[in-house]
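In my numbering, the protein residues as written are 17 to 268.
Beta carbons are placed, not taken as given, at the ideal position from N, Cα and C, and that holds for glycine.
Since we're looking at a predicted model, the values are computed, not measured.
I have placed the structure first, in the form of structure tokens, so that the comments after it can refer back to it.
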């Protein structure tokens with residue numbers, strides 16, 4: 017959903033949002049793209065968290081037309097889970113029936129997940145087609161885990177490599193662990209520690225505590241130390257079990 021949260025402020029209608037996101041998803045040389053979204057289950061811990069965050073009030077608007085104006089309080093609009101579901105359904109519908117999108121979709125496969133379902137949208141000789149992909153049906157709530165089911169499906173389609181675009185560093189660590197299906201080794205820890213140092217601009221250091229000291233001597237602070245990093249990696253290791261389970265589209 018990060019793609020929706022970071023839309024340019026110049027977009028004023030749902031139609032412009034649709035055009036913008038489709039352009040983002042289909043640009044480049046790849047013949048297949050996956051737009052993976054969260055699944056909002058009502059009876060879950062995540063649902064309780066969402067309900068707690070809605071104490072400030074909600075906006076309920078159904079996206080139904082291309083010329084429909086984007087809500088002025090768009091971030092507040094996105095806090096409503098049903099709004100996001102409706103918006104994804106609108107995008108799927110618009111990409112499937114609007115013949116103006118045929119050029120962008122020509123020769124490509126666009127996979128989109130919504131709730132526990134997944135669809136593939138393609139175009140051939142100017143004709144757009146949409147079909148449901150049962151192999152990508154998933155009960156997982158988080159897009160962070162559903163995307164690995166999509167990656168496995170892409171491998172089944174014959175793609176030699178999969179590029180995951182996300183702003184969540186946890187996904188990068190999960191991908192590393194999932195790719196090898198093994199526990200956190202000392203080598204993995206060393207790689208991650210060096211990676212964190214580089215994130216904070218200390219490129220010649222592979223020890224987090226040493227990096228903290230170097231930054232501190234410059235009058236700045238680094239909000240992480242080795243004990244916290246190790247605990248973070250341990251939590252992610254536990255989450256890996258759930259991610260591996262996501263390859264079957266099932267919850268734990």
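Range covered by the alpha helix (DSSP H) that runs through residue 42: 30 to 42
Spatial neighbours of residue 183 within its chain, please: CB distance less than 7 Å, with the 5 preceding and 5 following residues excluded, ordered by chain position. 18
Determine the direct distance from the alpha carbon of residue 207 to that of residue 86, and round the result to whole angstroms. 43 Å
For residue 4, count the other beta carbons within 10 Å of its own beta carbon; 16 or more makes it buried, fewer makes it exposed. Which is it? In the structure displayed, the chain extends from 17 to 268; residue 4 sits before or after that span and is not available.
Looking at C-alpha atoms only, which residue of 234, 138, 248, 186 is the closest neighbour of residue 50? 138
Sequence-distant residues of the same chain with beta carbon closer than 6 Å to residue 197, five excluded per side: Since pLDDT at residue 197 reaches only 49, below the 50 mark, its modelled position is unreliable, and no value is offered.
Bridge partners - residue 148, DSSP secondary structure assignment: 135
Please report the residue range of the beta strand (DSSP E) in which residue 49 lies. 48 to 51
When you compare only the Cα positions, how much space is there between residue 77 and residue 93? 8 Å
Would you give the residue range spanned by the alpha helix (DSSP H) that residue 23 belongs to? Segment: none, residue 23 is in no alpha helix (DSSP H) and carries neither H nor E.
Measuring alpha carbon to alpha carbon, tell me which of 230, 176, 74, 110 ends up nearest residue 47. 176
State buried or exposed for residue 119, treating a residue as buried only when at least 16 other CB atoms are found within 10 Å of its CB. exposed
Cα-Cα separation between residue 28 and residue 190, rounded to whole angstroms: 36 Å
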